[in-house]
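Participant: Here the working numbering is used: the first residue of the sequence shown is 3, the next is one more, and so on. Glycine is no exception: its CB is placed at the ideal position from the N, C-alpha and C atoms.
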Amino acid sequence: MGVSWWSFGLWYTRPMKRPGLYANINARRKAGTSRPKSQSTISPRTWRLMKAKKGGFREKPSR
3 MGVSWWSFGL WYTRPMKRPG LYANINARRK AGTSRPKSQS TISPRTWRLM KAKKGGFREK
63 PSR
């Protein structure tokens with residue numbers, strides 16, 4: 003049986019996930035770092051879906 007982190011008075015938290023696509027785009031935009039379109043890391047299909055707010059890029063409805 004393993005030792006619980008709670009027995010040490012600590013909360014065990016999983017490591018943070020990597021930042022997503024939007025976070026990366028916004029960070030690069032803020033830093034002024036850009037690539038030419040020919041060296042883009044985003045496929046044309048993904049870029050099209052993102053701009054159209056479709057295919058997983060829809061805005062979440064506000065509650």
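Taking just the CA atoms, how far does isoleucine 27 sit from proline 21?
Facilitator: Straight-line Cα distance between these residues: approximately 10 Å.
Participant: Helix, strand or coil for proline 21 per DSSP?
Facilitator: coil
Participant: Quick one: grab the DSSP three-state call for arginine 37.
Facilitator: coil
Participant: Assuming the contact rule is C-beta atoms closer than 8 Å, glutamate 61 and lysine 55 should be a hit. Round their C-beta distance to whole Å, please.
Facilitator: 6 Å
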